[in-house]
Amino acid sequence: MLIGAHVSPAGGLARAVERGVDRGCRSIQIFNQSPRMWRPTAYGEEDFAAFREAMAASPIDAVLIHAVYLLNCASEDPEIAVKSLTSLTHSLRVGDAIGASAVVLHPGSAKTGHVGEAIERAGGVIREALASSERCPLHLENTAGAGGTLGRSFEELAALIDAAGGQKRLGLCLDSCHLLASGYEIRSAADLAATLEQCDRALGLDRLGSLHLNDSQKPLGSNRDRHANLGAGELGERGCAVFLSEPLFEELPCVLETPGPDRSGPTAEEVALALKLRRRGQATRARSKRGQATRPSSKRASGSKRARGSKRASG
Ligand SMILES: [Zn+2]
Ligand SMILES: [Zn+2]
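If you're matching positions, the sequence shown starts at 13 in our numbering and goes up one per residue.
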């Protein structure tokens, strides 16, 4: 797993790589423009070259670009839809230029409208943005499910991928906070495995390309998107350790988008904590595996209990 953090590209794209290195990251995520403004940052070829050079000289192996929050690819307002298309296309082209692993996108919001129609609209915008860029993958992020936001369930994400044409470039980014908030229990190894089975049935785990690890201030099924620092929320250190040690996540970039101790984002200490929790999670999994290996006797015990039970029932 390539553990890393969301970092700022203030002062130039290559500065984001420096910030990642300072935090001990193996992956980073950036906004390619100010997240609360439509105006794109005008990067030139020198910026891209400096970024690629900094990446090559660093231990960072993956960069994700988060599309800005203003986007609503499902908007009924033609002006917002066009602006969303322009901005998403721009993100994908920057992704092409810097060799990003993916652009990560919140699929959009139906607001108070019909969800099926919103999915079709979002699919159309995404399809067009992909057609206007070369190769950078696009990962739809699962959402907490607040209001009319799309992508709260694996089935909805599958419908969005279908509506966008189902190309190979379309993938999935799973956010731990959003999973819990949208009602998926992931805090034990067995629960996370069951959730991933559902994901596999709905859209195929081969689509899974990136991860966000955030603890959640709000409880299971709350549909509220409030990130907490690792261990300080409803997932807790145990839940984070389970997520970080999931074998199916082994090859993926996993970035922290936590508020951090002074609300300026994840710190080196928190990236180090993630590495520690990952080792703890792996140790717990190894112990329970060894436990399973010696379980035949306990299986016999429960089998005999069942036998006693049925005997009583029949008697
Ligand atoms: Zn996220
Ligand atoms: Zn979030």
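Just so you know, even glycine gets a beta-carbon here, dropped at the ideal spot from N, CA and C.
Predicted, not measured: the structure shown is a model, and the values here were computed from it.
Fill in: Span separating the alpha-carbon of Ser113 from that of Ile77
Across the structure, Ser113 and Ile77 are spaced so that their CA atoms are roughly 8 Å apart.
Worksheet item: Do three or more CB pairs link the segment 245-262 to the segment 159-174 at distances below 8 Å?
Response: These segments do not touch.
Worksheet item: What did DSSP end up calling Cys148 once you bin it into helix, strand or coil?
Response: In this structure, Cys148 counts as coil in the three-state DSSP scheme.
Worksheet item: For ligand 2, any of its heavy atoms closer than 7 Å to the Cβ of Asp227?
Response: Distance from the C-beta of Asp227 to the nearest heavy atom of ligand 2 is not below 7 Å.
Worksheet item: Is Gly120 close to chain B, meaning its C-beta is less than 8 Å from at least one C-beta of that chain?
Response: Absent from the structure: chain B. Only one protein chain is present.
Worksheet item: Which whole-angstrom value describes the C-beta separation of Cys189 and Glu153, a residue pair presumed to lie in contact below a C-beta threshold of 8 Å?
Response: Rounded, the Cβ-Cβ distance is 11 Å, inconsistent with contact.
Worksheet item: At what residues does the alpha helix (DSSP H) containing His329 begin and finish?
Response: Here the chain has residues from 13 to 327 only, and residue 329 is not among them.
Worksheet entry | Whole-angstrom C-beta distance between Pro265 and Leu223, which should lie under 8 Å | Contact between Leu223 and Pro265 holds, since their C-beta atoms are separated by about 7 Å, short of 8 Å.
Discussion item. Can you give me the C-alpha to C-alpha distance between Gly23 and Thr270, rounded to a whole angstrom?
Written reply: Looking at the two C-alpha atoms, the distance is approximately 22 Å.
Worksheet entry | Top-ranked residue by Cα proximity to Gly36, from Leu289, Glu282, Glu65, Pro259 | Among Leu289, Glu282, Glu65, Pro259, the Cα nearest to that of Gly36 is on Glu282.
Practice prompt. Please name the residue or residues paired with Ser228 in a DSSP beta bridge.
Written response: Ser228 is bridged by DSSP to His239.
Worksheet item: With distances taken between CB atoms, is the gap from Gln45 to Thr53 smaller than 8 Å?
Response: Cβ distance < 8 Å, so Gln45 and Thr53 count as in contact.
Practice prompt. Identify every run of the beta strand (DSSP E) within the segment 85-145, keeping only runs that are complete inside it and at least 3 residues long; order them along the chain.
Written response: The segment 85-145 contains, as complete beta strand (DSSP E) runs of 3+ residues, the segments 114-117 (chain order).
Worksheet entry | Own chain partners of Gln97 with C-beta closer than 7 Å, once the 5 adjacent residues on each side are dropped | The sequence given here has Leu at residue 97, not Gln. If the five residues before and after Leu97 are omitted, its C-beta is found closer than 7 Å to the C-beta atoms of Val137, Glu140, Ala141, all from its own chain and listed in chain order.
Discussion item. Quick check on DSSP: helix, strand or coil for Glu209?
Written reply: Under the three-state reduction of DSSP, Glu209 is assigned to helix.
Fill in: Cβ-based burial, Pro149 [other Cβ within 10 Å; buried from 16]
It counts as buried.
Item to complete: Name the residue from Leu268, Val33, Trp50 whose alpha carbon lies nearest to the alpha carbon of Pro71.
Response: If we check each option's Cα against that of Pro71, Val33 comes out closest.
Discussion item. Could you check whether Val254 and Ser200 sit closer than 8 Å to each other, using their CB atoms as the reference points?
Written reply: Result yes, Cβ atoms of Ser200 and Val254 sit closer than 8 Å.
Worksheet item: DSSP on Val267, reduced to helix/strand/coil?
Response: Annotated three-state conformation of Val267 is strand, per DSSP.
Worksheet item: Applying the criterion that 16 or more other CB atoms from any shown protein chain within 10 Å of the CB defines a buried residue, is Gly321 buried or exposed?
Response: At Gly321 the pLDDT is 39, less than 50, meaning the model places this residue with poor confidence and gives no usable figure here.
Worksheet item: Relative to the C-alpha of Phe63, which residue among Glu30, Ala86, Val80 is closest?
Response: Proximity to Phe63 across Glu30, Ala86, Val80 peaks at Glu30, based on C-alpha coordinates.
Fill in: Contacting residues, own chain, Cβ-Cβ under 8 Å from Arg147 (five flanking each side not counted)
Here the set comprises Asp108, Arg181.
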